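Peer 1:
There are 2 protein chains.
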Amino acid sequence: MAVGDIAMPQMHVVKGVKIGVTEAHVRYPNRRDLVIFEFVEGTNVAGVFTQNAFCAAPVHVSKKNLQTGDIRYLIINTGNANAGTGKTGMENALKMCNAIAEASHVQPNQVLPFSTGVIGEQLPIERIVDAVPKALLGKEDAWGDAAKGIMTTDTTPKGASETFELDGIPYVMTGISKGAGMIRPNMATMLSFVVTDAPIHQNLVNKLLKESADQSFNRITIDGDTSTNDSCIFAATGQAGGKTIEHEQDPRYLVLKEVLFRVMKRLAQLIVRDGEGATKFITVKVEGGANTDECCNVAYSIAQSPLVKTALFASDPNWGRILCAIGYANVENLNVENVQVWLDEVQICQDGGLASTYTEEAGVEAMSKTEITIRVDLGRGEATDTVYTCDLSYDYVKINADYRS
Amino acid sequence: MAVGDIAMPQMHVVKGVKIGVTEAHVRYPNRRDLVIFEFVEGTNVAGVFTQNAFCAAPVHVSKKNLQTGDIRYLIINTGNANAGTGKTGMENALKMCNAIAEASHVQPNQVLPFSTGVIGEQLPIERIVDAVPKALLGKEDAWGDAAKGIMTTDTTPKGASETFELDGIPYVMTGISKGAGMIRPNMATMLSFVVTDAPIHQNLVNKLLKESADQSFNRITIDGDTSTNDSCIFAATGQAGGKTIEHEQDPRYLVLKEVLFRVMKRLAQLIVRDGEGATKFITVKVEGGANTDECCNVAYSIAQSPLVKTALFASDPNWGRILCAIGYANVENLNVENVQVWLDEVQICQDGGLASTYTEEAGVEAMSKTEITIRVDLGRGEATDTVYTCDLSYDYVKINADYRS
């Protein structure tokens, strides 16, 4: 069960985008497992991808094709990650692009392929190629179908959508994501696709994606495993009119950046809320750092600690585990006597020791909620950073250990 | 249940060491929770300690006292870690030293204090102080009692002991350790004490400990959490005679080093074998690295991956998860096409993809054993490193989440 509010909002149509969803029988019958995004000519597209050295074949191809630019299609299959598949895997990723190129009179390198699902098995490429013509019959109003179409064992489709105005012109920003699902065998793969119909120069599309992904998708953790297939795409069709935003100094840029960040943060948080076995949604906010990096390290150290995560699952205000995780985050010359920690509004650690106002009762009450903020003040500067995570439950082990039984 | 062979060997007496074990009622009645080691005058003692910034009060005191040298006593309590206890905690750690000093006519700074157990509560220092005189009535032949006396919720006492000869003189190396236990609330604390009656110069005692601990205790992981209290002590009483070993060039040095490494490796592996919820003992051996650091990083990346660890628990030959963990270990310019992976003798990954000889049947058989070696060849050099770990089971979550229910 996903944690908290995970409802799909109204998914506003983005001018210049058509979406087709169909069944390719990649792994299971009766499952819509192939999604194609068609972008109008002139759309500017950017992508960020997993840093994993064993990245999947489609990640290689997408990275390469983005370099030549002028991207017109995204093709996404679930059920098979096309990772660890060697030369044949690369050929199959290219065949996915070729299939669209042949049917649509674009070049193969104007297509970005994405795959998620089983690792180490070859794609059933004929079935995918055969299904492409049907998925090309896209329509504008299919974001909800697309959100479902990219799910693996996500328990819920994930979407975010906003309307906004720049200089009086209405625009839309709509996106979908998928997260920690699993198909035998598998790992948590994150995919996200966000599109706006605002007119944005390619350089700024790249920059906006990088900055927003860094503060959203790059600030979540479920189990610390970085997948082979993680990909996040941002595209701007420019079809809602207005003059192209070309510089960061353009006052519209900051508005746009805020909208994109909100949408991506929501999509990233939805992945955590639907994390494998998650029963709680945890915000780890670290303040008072000498720089952002050390705040990020401390936040991740807490968010990834199995001992902290099992304590969160158990609603156990085991503040020693939080201090311990702060202590091994490699903050240089950390003076523990300046460290404060709160669970929501309850101060548990004061000047490096147990807070004088703390009561076990208040701690248990704070830990019993399904949404908890762990706030740390390092007491050494003005920097701050925030990471989102979930707890570690029996079901995490069950989901990842038991699917063969 | 601990995994595999965890039997206590014959614990050979070390000349120059007396050990007393008694009940101080630190947390529970009827439990021998206070251990004192008495070293003969002239014993050379070295210690290595947790890197955690929130290290416990006794760790601070032990580090400081080691600087002045001439250590005569170790005092260890279980049931309370004296961590996160601020100024009072420091005072209590010093009181443990004072209690021995008063009863034994040594200086307080000739005593090293150790605590393990609950975090964030003050020691019942009067009960400990009151019990000191009884624990000072030590005897030589009490290593087995000491191994039991430092247990928290370890399921088994942990010991290793060897006899060896240097230049025809017989010596003994005996040690004990405790590992991942838990008392509410708590974290995995590692303690280890190893003593020999061979004559070794203080500088070499320091060096031997550092090198051996680095290849043993610093090469194990259960959940990646670095405790606030981890401590490892090596002492040489010199009471079995012979000329003091003063230089690494002394041919006896290498023999001694091998014995110490074997004893410490055994004590470290015992901690993993008795890891919380462990059902399997895993050796992760990484070969063919450009340097030891990258081998160590890859080994830890595999050994700490929750996805790999749950697959091991499930006996699922999910080789994609192993590749994935190699891929995010930050090895610079890793050419995945040179990577080979074996489960015991079964090659699962060949040149970065599925091995041509691999069968699911062979994979399942290899994964079903309770002792498994994951061997990785990075194909980029001659360096190698090895890390020991266990799997991640329901019981890990149960032990760390459920103790309040």
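Protein chains in written order, with my numbering: chain A, 3 to 407; chain B, 3 to 407. Idealized CB from N, CA, C, for every residue including glycine. In this text the structure is predicted, and so the values were computed from the model without any measurement.
Return the bridge partner residues of residue 379 of chain B from the DSSP annotation.
Peer 2: Bridge partners of residue 379 of chain B: B:289 and B:342.
Peer 1: Under the DSSP definition of a beta bridge, which residues are partnered with residue 172 of chain B?
Peer 2: Paired residue(s): B:167.
Peer 1: Is the CB of residue 235 of chain B under 7 Å away from at least one CB in chain A?
Peer 2: Judged by the 7 Å Cβ criterion, residue 235 of chain B is not in contact with chain A.
Peer 1: Could you check whether residue 159 of chain A and residue 149 of chain A sit closer than 7 Å to each other, using their CB atoms as the reference points?
Peer 2: Contact: yes.
Peer 1: Tell me the DSSP secondary structure of residue 387 of chain B in three-state form.
Peer 2: Of the three classes helix, strand and coil, the one that applies to residue 387 of chain B here is strand, per DSSP.
Peer 1: Identify the continuous beta strand (DSSP E) that holds residue 198 of chain A and give its terminal residues.
Peer 2: Per DSSP, residue 198 of chain A belongs to the beta strand (DSSP E) from 193 to 198.
Peer 1: With a cut-off of 7 Å, does the C-beta of residue 58 of chain B fall near any C-beta of chain A?
Peer 2: It does not; no Cβ of chain A falls within 7 Å.
Peer 1: So, do the region 377 to 392 of chain A and the region 19 to 30 of chain A have three or more beta carbon pairs nearer to each other than 8 Å?
Peer 2: No, the region 377 to 392 of chain A is not in contact with the region 19 to 30 of chain A.
Peer 1: Closer than 9 Å by beta-carbon distance: list the chain B residues that pair up with residue 321 of chain A, in chain order.
Peer 2: Near residue 321 of chain A (Cβ distances below 9 Å), the residues of chain B are 86, 121, 122 and 187.
Peer 1: Out of A:106, A:98, A:102 and A:107, which one is the CA nearest neighbour of residue 117 of chain A?
Peer 2: Comparing Cα positions, the closest option is A:98.
Peer 1: Between the C-alpha atoms of residue 109 of chain A and residue 41 of chain A, what's the straight-line distance to the nearest angstrom?
Peer 2: Each residue's Cα considered, the two are about 14 Å apart.
Peer 1: Could you tell me the alpha carbon to alpha carbon distance between residue 190 of chain B and residue 314 of chain B, rounded to whole angstroms?
Peer 2: At residue 190 of chain B the pLDDT is 48, less than 50, meaning the model places this residue with poor confidence; the figure from the coordinates comes in the next sentence. Roughly 21 Å between the two C-alpha positions.
Peer 1: Do you know offhand how far residue 335 of chain B's Cα is from residue 238 of chain B's?
Peer 2: Approximately 45 Å between the Cα atoms of the pair.
Peer 1: Kindly indicate the opening and closing residues of the beta strand (DSSP E) around residue 20 of chain A.
Peer 2: It spans 19 to 24 - the beta strand (DSSP E) in which residue 20 of chain A sits, taken as one unbroken run.
Peer 1: Between which two residues does the alpha helix (DSSP H) holding residue 349 of chain B run?
Peer 2: Premise fails: residue 349 of chain B lies in the beta strand (DSSP E), 348 to 352, not in any alpha helix (DSSP H).
Peer 1: Decide if residue 66 of chain B is buried, meaning its Cβ has at least 16 other Cβ atoms within 10 Å, or exposed.
Peer 2: Residue 66 of chain B should be labelled exposed.
Peer 1: Keeping to the same chain, check which residues put their C-beta closer than 6 Å to that of residue 346 of chain A; ignore five residues upstream and five downstream.
Peer 2: Closer than 6 Å at Cβ, skipping near neighbours: 368 and 375.
Peer 1: Using a Cβ distance threshold of 8 Å, determine whether the region 191 to 203 of chain A contacts the region 241 to 257 of chain A, with at least three qualifying pairs required.
Peer 2: With the cut-off at 8 Å, the region 191 to 203 of chain A and the region 241 to 257 of chain A touch.
Peer 1: Counting only Cβ pairs nearer than 7 Å, list the residues of chain B close to residue 272 of chain A.
Peer 2: The contacting residues do not exist; residue 272 of chain A stays about 21 Å from chain B at best.
Peer 1: Grab the span of the alpha helix (DSSP H) containing residue 60 of chain B for me, first residue to last.
Peer 2: Residue 60 of chain B -> alpha helix (DSSP H) spans 59 to 70.
Peer 1: I need the straight-line Cα distance from residue 187 of chain B to residue 277 of chain B, nearest angstrom please.
Peer 2: For residue 187 of chain B, the predicted structure reports a pLDDT of 35, less than 50, and the residue's modelled location is therefore unreliable. The matter cannot be settled from this model.
Peer 1: Is the beta carbon of residue 47 of chain B less than 7 Å from the beta carbon of residue 164 of chain B?
Peer 2: Against a cut-off of 7 Å, the Cβ pair of residue 164 of chain B and residue 47 of chain B comes out as no contact.
Peer 1: Decide if residue 170 of chain B is buried, meaning its Cβ has at least 16 other Cβ atoms within 10 Å, or exposed.
Peer 2: Answer is exposed; the Cβ neighbour count stays below 16.
Peer 1: Work out the CA separation of residue 30 of chain A and residue 185 of chain A for me, nearest whole Å.
Peer 2: Because the pLDDT at residue 185 of chain A is just 35, under 50, the model does not fix this residue reliably, and the point stays unresolved.
Peer 1: Identify whether residue 307 of chain A lies in helix, strand or coil by the three-state DSSP scheme.
Peer 2: DSSP places residue 307 of chain A in coil when its eight states are reduced to three.
Peer 1: Compute the beta-carbon to beta-carbon distance between residue 380 of chain A and residue 291 of chain A, rounded to the nearest angstrom, for a pair I have assumed lies under 8 Å.
Peer 2: Yes, they are in contact, since the Cβ atoms of residue 380 of chain A and residue 291 of chain A sit about 5 Å apart, within 8 Å.
Peer 1: Strictly under 7 Å for the Cβ-Cβ distance: is residue 315 of chain B near chain A by that measure?
Peer 2: Yes, its Cβ sits closer than 7 Å to a Cβ of chain A.
Peer 1: So what's residue 115 of chain A in DSSP terms, helix, strand or just coil?
Peer 2: In this structure, residue 115 of chain A counts as strand in the three-state DSSP scheme.
Peer 1: Can you tell me which of the three DSSP states residue 360 of chain A falls into?
Peer 2: Coil, per DSSP.
Peer 1: Should residue 11 of chain A be labelled buried (16 or more other beta-carbon atoms within 10 Å of its own) or exposed?
Peer 2: Exposed, because fewer than 16 other Cβ atoms sit within 10 Å of the Cβ of residue 11 of chain A.
Peer 1: Below 8 Å, how does it come out for the region 58 to 77 of chain A and the region 86 to 106 of chain A: are there three or more Cβ pairs, yes or no?
Peer 2: A contact exists between the region 58 to 77 of chain A and the region 86 to 106 of chain A.
Peer 1: According to the Cβ coordinates, are residue 166 of chain A and residue 178 of chain A closer than 7 Å?
Peer 2: Contact: no.
Peer 1: Cβ atoms of residue 35 of chain A and residue 81 of chain A: under 7 Å apart, would you say?
Peer 2: In this structure, residue 35 of chain A lies closer than 7 Å to residue 81 of chain A by Cβ.
Peer 1: Run down chain B in chain order and give the residues with a C-beta less than 8 Å from the C-beta of residue 365 of chain A.
Peer 2: Ordered by position in chain B, no residue passes the 8 Å Cβ test against residue 365 of chain A, which lies about 11 Å from the chain.
Peer 1: On the three-state DSSP scale, how would you describe residue 179 of chain A?
Peer 2: Residue state, collapsed to three classes: strand.
Peer 1: Strictly by DSSP, which residues pair up with residue 233 of chain B?
Peer 2: Residue 233 of chain B pairs with B:51 and B:193.
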